[in-house]
Each structure stands twice: as structure tokens, then as C-alpha cells.
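Just so you know, we're using UniProt numbering here: the sequence shown kicks off at 1 and counts up by one.
The C-beta atom is built at its ideal place from N, Cα and C for all residues, glycine as well.
The structure displayed is predicted, hence computed values, not measured ones.
Data block below; observations after.
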Amino acid sequence: MTKNVTERRSSSTMTLTAKDTAPSLTVPVQRHRSASTCSESSASCPPPLAARIVASAKLKIKEIEDKDSSGFLHYVDDQVHESWNAAVKDAHRRLLYLHELPVEWQENEYVLSGYRFYHRSQDCLKSIFMLHNETMNIHSHLIGFIFFLALSIYMVNYQFPNASLKDFAIFVTFCFAALNCLFCSCIYHTFICHSHHTIKSFTATLDYIGIAFLITASVMVVEHFGFYCQPDIANRYMIFTGLMGCVGTISPFFKCWDTKEYRPLRIAVFLTMGFSSAVPVFHLLFTHGLSASKEFFQMATVSVMMYITGVFIYAHRFPEKMFPGRFDFAGMTSHAIWHVFVCFGIYFHYQASIQFYEHRYAYSCGQVSM
1 MTKNVTERRS SSTMTLTAKD TAPSLTVPVQ RHRSASTCSE SSASCPPPLA ARIVASAKLK
61 IKEIEDKDSS GFLHYVDDQV HESWNAAVKD AHRRLLYLHE LPVEWQENEY VLSGYRFYHR
121 SQDCLKSIFM LHNETMNIHS HLIGFIFFLA LSIYMVNYQF PNASLKDFAI FVTFCFAALN
181 CLFCSCIYHT FICHSHHTIK SFTATLDYIG IAFLITASVM VVEHFGFYCQ PDIANRYMIF
241 TGLMGCVGTI SPFFKCWDTK EYRPLRIAVF LTMGFSSAVP VFHLLFTHGL SASKEFFQMA
301 TVSVMMYITG VFIYAHRFPE KMFPGRFDFA GMTSHAIWHV FVCFGIYFHY QASIQFYEHR
361 YAYSCGQVSM
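Written out as C-alpha cells, the structure reads:
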């Protein structure tokens with residue numbers, strides 16, 4: 001019996017025989033410390049899984065840095081700076097190809113040539129009068145800005161001599177929003193070639209804010225004159241539109257907003273802002289009838305069609321997507337075509353505003369059956 005016990009004690013486990021306890025039981029000898037007895041402060045306890053993963057990652061990073069004896073990481077960083085410097089140097093002699101630009105400036109893979117890349121703001125301004133792939137983008141809205149500025153001055157002085165203060169404020173807000181959108185667009189496309197990414201991003205933010213402001217002001221014109229005799233309803237809708245405008249105004253301040261990955265989201269946000277006007281429009285259709293509303297919204301419908309057509313062309317990048325590089329000269333691309341449709345949209349909405357003003361009492365205060 002003594003020999004048996006000695007042999008069992010010498011093994012890795014201790015077995016209690018039927019003499020000691022009824023069922024046979026095998027007890028491990030200190031294979032793991034019980035979780036209940038292992039405190040986090042104990043040095044003998046294994047670290048948590050998350051801590052081990054973090055420690056392993058830090059160790060691996062240190063190993064990579066220690067083994068970077070050839071300076072590979074510094075080499076990659078130097079290559080980025082050399083690409084930037086080479087682009088700035090070459091851009092003073094000629095227009096660049098897409099692959100010559102730093103990656104962050106490569107926005108449209110279907111426009112292959114005609115790029116500017118300047119280190120000084122003066123050079124960006126001088127390029128307004130040059131031929132490159134942004135020429136149409138700049139001049140389409142620059143001409144539109146000059147034309148609509150003259151139209152706004154005429155409207156304010158001669159078009160509405162008997163307008164109330166609120167009516168006048170609505171008109172001025174729309175005109176200012178349109179001019180702001182066109183001007184900010186010109187600024188953005190002039191400085192999109194600036195080698196300092198901060199300046200490029202700032203002008204892009206101005207451009208997006210201008211778009212959001214124009215959409216908001218355009219919808220408010222419809223709500224103000226459509227519910228002219230129901231000011232409480234008009235004010236509620238205008239507050240809602242203002243909140244939607246805040247989304248479009250705040251979003252561009254996020255760094256990710258002006259990236260290629262978020263391009264579909266940008267388009268979706270601006271489309272949502274525009275289509276938010278469908279709620280008050282359907283309200284007016286239900287209240288005043290289809291025939292009266294059709295006449296009231298005639299010019300506004302044309303304006304909306306201009307905007308939708310332009311956005312459709314811009315979103316599908318027609319025609320440069322079908323013929324890459326063919327439309328680089330002077331920038332005859334989808335973006336420039338969209339700009340032209342935006343100018344038409346603004347003009348027809350201006351005409352719609354005049355129509356709204358002239359028929360505000362007949363439409364808003366009269367009840368016409370469907």
C-alpha cells in the first residue's frame with residue numbers, strides 16, 4: 001500500500017483510490033491558477049487578451065523600425081515630397097498629366113491632361129486667362145456671376161417697386177445665395193491647383209457651402225410665396241428647410257467630405273436638400289389643386305429639370321468617362337456641363353420668383369378644386 005501511494009505521488013497527477021473516496025477522481029497539480037484567486041495586480045497572472053494584442057503590435061512596429069536600416073520608410077516619404085516638388089517645378093513650364101500630380105490632387109481619373117499645379121496664389125489667379133482643364137469650370141460661373149449680378153441689380157431697383165419688406169428680403173436672399181454660389185465656385189476652380197492642400201480644401205469648403213446656401217434659398221422662395229396667405233405654415237416649412245441647409249453647410253467642414261470616397265455622399269446630401277422641397281410642394285398641390293399648381297410652378301419645374309439634368313451628367317461623368325482624355329482641352333467635361341445647367345437653373349428660378357410674386361394672392365389665397 002505504501003509503495004502504491006509513493007508511485008502515485010511521483011506522477012503529474014494525484015489519484016485518490018476507492019479506499020479514500022468512493023468514486024475515482026483525478027486532480028490536476030497546479031496546471032492553472034484559478035481565475036477567482038488571480039488578481040490583475042499579480043505578476044504571475046497572464047495579461048488580458050487586449051493587452052497582449054496591443055503589446056504585440058507595439059513590439060512588431062518597433063521591430064520594423066529597428067530593421068529599417070536601409071531607410072525604406074524615409075525613402076517613401078522622400079518620394080512623396082519629390083513628386084510634389086517635381087509637379088510644382090514642371091507646372092511652371094507646361095500643363096501636367098494626371099499621373100504627374102500628387103495623389104491627393106488626382107480627383108477625376110478620366111481627365112488625363114491639362115492640369116495646373118502652382119505654389120503661389122498669384123499664379124493661380126493668372127491662370128484664369130489660360131487654357132487648361134478648368135477653364136470652362138471657371139468661366140462658366142464667372143460669366144454667370146456677372147450676368148446674374150446685373151440681373152439682380154435690375155430686379156432690386158425696378159422689378160418689385162411695391163414689394164413688402166419680407167418679400168424684398170426673400171428676393172435679396174435668393175439673389176445673394178445665387179451670386180455667392182457662382183462666386184465661390186469660381187474661387188474653388190481657380191485655386192484647386194494650389195500646391196498647399198489647406199488652401200485647396202478651404203476653397204472646396206466655400207464651394208460646398210455656396211451650393212447648400214443656393215438650394216436652401218431657392219426652396220424658401222417657393223415656401224414663402226406658395227403659402228403666402230398661410231404664414232404660420234410657411235414659417236414652419238422654412239425653419240425645416242433652414243435646418244436642412246445647416247446640414248449642407250456644416251458637412252463640408254469635415255476633412256473626409258472633400259474626398260473621392262465621399263463623392264456619392266456629397267451628391268446624395270445635396271439631392272436630399274433639393275428634394276426636401278417635395279413635401280411643401282405636394283402640400284400645395286393637395287390644397288390648391290393640380291391645374292392651378294401646374295401654372296404656378298411652371299417656371300420652377302423648368303428650373304428643377306435644369307438642376308437634375310446637370311447633376312445626372314456630373315454624377316455619371318459624361319462624356320469623359322466614355323472617352324477619357326478626349327475632352328481635357330479647356331475642360332469640356334461633365335463638371336463644366338453641370339455648371340452650365342446650374343446657370344440655367346438659377347435663371348429659370350429667378351423667372352419663377354417673379355411668377356410667384358405676381359400670382360401670390362391668386363394662388364395662395366384662392367381655393368381651387370382638384
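Residue Ile346 holds the alpha-carbon nearest to the alpha-carbon of methionine 305 among Ile346, Ala330 and His335. Cβ neighbours of glutamine 351 within its own chain (closer than 6 Å, five residues either side excluded): Met299. Annotation for asparagine 137: His189, Gly331, His335, Ala336 and His339 place their beta carbon closer than 7 Å to its own, counting only its chain and skipping 5 residues before and after. If you ignore the 5 residues before and after threonine 135, its C-beta comes within less than 7 Å of the C-beta of Ala330 and Gly331, all in its own chain and listed in chain order. Straight-line spacing of the CA atoms in isoleucine 308 and alanine 55 works out to 54 Å. Judged by beta-carbon spacing, serine 218 lies beyond the 8 Å limit of histidine 119, meaning their Cβ atoms are not closer than that value. Put simply, of Val222, Leu243 and Asp328 the residue whose alpha carbon is nearest the alpha carbon of serine 303 is Val222. When DSSP states are grouped into helix, strand and coil, leucine 96 belongs to the strand group. Between phenylalanine 145 and cysteine 186, the beta carbon gap of about 7 Å places them in contact (Cβ cut-off 8 Å). Looking at the DSSP output, tyrosine 118 sits in a beta bridge with His194. Remark: C-beta atoms of serine 353 and tyrosine 228 do not approach each other more closely than 8 Å. In the same chain as leucine 142, and ignoring 5 residues on each side of it, the C-beta atoms closer than 7 Å to its own belong to Cys186, in chain order. DSSP places glutamine 159 within a helical segment (H, G or I) once states are collapsed to three.
For proline 231, the three-state secondary structure derived from DSSP is helix. Around the beta-carbon of valine 279, fewer than 16 other beta-carbon atoms lie within 10 Å, marking it exposed. A contact is defined here as three or more CB-CB pairs under 8 Å, and the stretch 202–221 meets this definition with respect to the stretch 245–258.
Residues Ala234, Pro280, Val281, Leu284, Phe296, Phe356, Tyr363 and Ser364 of the same chain have their beta carbon placed closer than 8 Å to that of glycine 226, with the five preceding and five following residues left out of the count.
Residue state for glutamate 109 is assigned as coil, using DSSP reduced to three classes. Between phenylalanine 160 and leucine 179 the beta-carbon gap is near 18 Å, outside 8 Å, which marks them as no contact. In the DSSP assignment, threonine 309 falls within the unbroken alpha helix (DSSP H) covering 298–316. For threonine 333, the three-state secondary structure derived from DSSP is coil. In the three-state DSSP reduction, histidine 359 falls in the coil class, being neither helix nor strand. Judged by DSSP secondary structure, isoleucine 146 falls within the alpha helix (DSSP H) whose first and last residues are 135–154.
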